[in-house]
Amino acid sequence: MKNNNRLIKTIYMAGRKSATALLLLVAGIAGNAWAQNPLIMDQFTADPSARVFGDRIYVYPSHDIYCSENNGRKNWFCMPDYHVFSSTDLQEWTDHGMILSQEDVPWGDPDANSMWAPDAIERNGKYYFYFPTRIKDASAGESGFSIGVAIADNPEGPFEPQQEPIKGVQGIDPNVFIDKDGQAYLYWSQGKIFGAKLKDNMLELASEPKVFEVPQKGHIEGPWVFERNGKYYLTYPHVANNTERLEYATGNNPLGPFEHQGVIMDESPNNTWTNHHSITEFRDQYLLFYHDSELSPNFDKNRSIRADSLFFTEDGLIEKVIPTHRGVGITDSSNKIQFDRYSERSEFGVSIRFVDTTDTFQGWKVVLEEPEAWVKYNSVDFASAKSKIAKFRARSSGGGMLQLMTGRKEELLSEVEIEENSKWKIYTAPVQKEVKGIQDLILKLKNGDKVEVDWLTLE
């Protein structure tokens, strides 16, 4: 598996400018459920902290809800508790439920709705969950925030919070890093980024906090530190212009000094004011977890977590990550394929809209608006069974013919006539040839006008 990263990147770059990396192709694993961005489609999630424990990847995000007023401020961030999600294949995500509520924190304000970006780490068989919230007596700290720890015997909890926050820490956005020599470090932000050693009990600072001066100007928060090939990466959101973008610096020591290197991800195309991220390696591929407000286009305080593959240059610099709809992983052909989460599309005649603007959790639809318009969905695994029937959930104001083709040779797999009908309907058509292995699929409008497709599945 030593050369997997280079092989995966070769597959990724070959003709897939917007595609997901085929990390599970090398691993030989096929998923069987949702794999697109956003990762979670039944609630709002933000600030994802991704950790690999055993053979599963766990994501500890914050939980956005809508409050008309929060802490006396209208239309502001409102986050009362935490859930944890896990997966073995980046396809099917299990919600393990609420692991900690603001009402459970002895030292916290139970009405603050300020359970902001968390982190988690394992040490000596125990799982430590680090979280910020407002303290009951805001006058006790300059910002009113401190960072606490909750401990569990399993990564999905239950987590028991400590009676007091970590002494000497004021701020938000905790991140924990354990170096190869076993020394643990805590990082956090409060206008600037701070870092300090942790004692072996993971509950107390073992050194005076150090301030990292990385950007020249602008708001900075949300540190995430990791090590790769002897180099330490300090990554963080930074407001250089109007909204946050993800940047990074490198150094030879977990406590710096760090030298600014560049941008990991540009500002959100949806004008989401915040971004908050984590970077982890899973099955020999680095992944960037982050958030955006695409699922809540009119209110950027309700965000949703996403993931895309991350690559390095040969000298260890991070290549810029371009957000994709498609995300990461391989989709089983028998599952619902959401062509609105495309990896590529024609330059004309394609639009993406919500299925129901009053309930965005239902996701999106793709609208093919003129003949020859198409969308491509990459990395579909046909290994589980021979496909005989294609099922389309579609509708059209004028009717039209849809064609389904493989992406490499554009061989026709199936075609179906969509009748003029304002209501959604399930259409079926035979699959005309046997397909094997992992394929890209193209959905094209052969003729007609404004055919809408919610999903496709192959049986």
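Sequence positions in the sequence shown follow mature numbering (1 follows the signal peptide of the UniProt record, and there is no 0) and run -35 to -1, 1 to 424. Glycine included, each C-beta is placed from N, C-alpha and C at the ideal position.
Residue i and residue j: beta carbons closer than 8 Å?
| i | j | result |
| --- | --- | --- |
| V332 | E417 | yes |
| A77 | F94 | no |
| R210 | N240 | yes |
| P83 | P139 | yes |
| I86 | I143 | yes |
| K409 | E337 | yes |
| E173 | A161 | yes |
| H290 | R306 | yes |
| W81 | I5 | no |
| M44 | D60 | no |
| G136 | Q148 | no |
| Y150 | P219 | yes |
| S261 | F50 | no |
| T208 | S233 | yes |
| S316 | Y342 | no |
| D257 | K330 | no |
| G221 | Q1 | no |
| F326 | D7 | yes |
| P188 | H225 | no |
| S281 | N194 | A quick correction: the sequence has Gly, not Ser, at residue 281. In contact: G281 and N194 (Cβ atoms closer than 8 Å). |
Have a look at the options and flag the residue whose alpha-carbon is nearest the alpha-carbon of residue i.
| i | options | result |
| --- | --- | --- |
| L421 | E34, V381, K301 and S361 | K301 |
| D20 | E246, T239 and L4 | E246 |
| S379 | P120, P222 and V400 | V400 |
| residue 427 | D102, P71, A149 and S66 | Absent from the model: residue 427. The displayed extent of the chain is -35 to 424, so no value can be given. |
| L369 | V381, S361 and G363 | V381 |
| K390 | G364, K411 and K398 | G364 |
| L423 | I283, D346, V176 and S111 | D346 |
| E385 | K374, M366 and G372 | M366 |
| F223 | T208, E212 and Y198 | Y198 |
| A11 | W329, G216, G314 and K266 | K266 |
| A394 | S51, I383 and D257 | I383 |
| K398 | K353, K39 and N218 | K353 |
| V228 | N194, K285 and W189 | K285 |
| D54 | V141, T215, D257 and V24 | V24 |
| S299 | E312, E309, S344 and S308 | S344 |
| E334 | R310, Q327 and F326 | R310 |
| V134 | D165, K91 and R99 | R99 |
| W153 | K164, A117, N119 and G113 | G113 |
| W238 | L220, E259, R88 and N218 | E259 |
| K388 | F9, V17 and S361 | S361 |
| F42 | M230, V49, S27 and A15 | S27 |
| E192 | V396, M230, G372 and V141 | V141 |
| I403 | L220, E232, Y392 and G372 | G372 |
| Y47 | K39, G216, N36 and V70 | V70 |
| G90 | D118, E68, K101 and G109 | D118 |
| K145 | R88, P188 and K374 | R88 |
| I295 | K330, F277, M230 and L406 | L406 |
| K175 | F313, I158, V190 and D165 | I158 |
| F304 | G328, D324 and K374 | G328 |
| F277 | G314, K196, E312 and F313 | K196 |
| P3 | M230, G62 and P288 | P288 |
| G73 | G413, G37 and S111 | S111 |
| R16 | Y92, V396 and Q56 | Y92 |
| F264 | K101, G281, N194 and K39 | K39 |
| G216 | I131, K374 and T200 | T200 |
Determine, using beta carbons only, whether residue i comes closer than 8 Å to chain B.
| i | result |
| --- | --- |
| I131 | In summary, chain B is missing from the structure at hand, where a single protein chain is found. |
For the beta strand (DSSP E) that residue i lies in, which residues bound it at each end?
| i | result |
| --- | --- |
| A359 | I354 to S361 |
| P13 | F9 to F18 |
| N40 | N40 -> no beta strand (DSSP E), and no H or E assigned at all. |
| M63 | T59 to S66 |
| F142 | I137 to I143 |
| M230 | E224 to M230 |
| F124 | No beta strand (DSSP E) holds F124; DSSP gives it neither H nor E. |
| S172 | Careful: S172 lies outside any beta strand (DSSP E) and carries neither H nor E. |
| P83 | Where P83 is concerned, there is no enclosing beta strand (DSSP E), given that its DSSP letter is neither H nor E. |
| K164 | Counting along the chain, K164 falls outside any beta strand (DSSP E), and DSSP gives it neither H nor E. |
| P219 | Looking at the DSSP string, P219 is not in any beta strand (DSSP E), and its letter there is neither H nor E. |
| I116 | F110 to A117 |
| H48 | D46 to S52 |
May I ask you to verify whether the segment 267 to 280 touches the segment 236 to 253, counting CB pairs closer than 8 Å and requiring at least 3? yes
Does the segment 320 to 329 come within contact of the segment 352 to 368, defined as at least 3 CB pairs closer than 8 Å? Pairwise C-beta distances place the segment 320 to 329 out of contact with the segment 352 to 368, as fewer than three of them are shorter than 8 Å.
The segment 162 to 173 / the segment 182 to 191 touching (three or more Cβ pairs under 8 Å): Segments in contact, no.
Just checking, does the segment 123 to 135 make contact with the segment 200 to 207 on the three C-beta pairs under 8 Å criterion? Judged by pairs of C-beta atoms under 8 Å, the segment 123 to 135 does not touch the segment 200 to 207, as fewer than three such pairs exist.
Secondary structure, beta strand (DSSP E): runs of 3+ residues fully inside the segment 246 to 277: Complete beta strand (DSSP E) runs here, min 3: 250 to 257 and 269 to 274.
Please give me, in chain order, every unbroken run of the beta strand (DSSP E) with length at least 3 that falls completely inside the segment 366 to 403. 377 to 383 and 386 to 395
Which runs of the beta strand (DSSP E) at least 3 residues long sit entirely within the segment 266 to 352? Give them in chain order. 269 to 274, 315 to 319, 329 to 333 and 339 to 346
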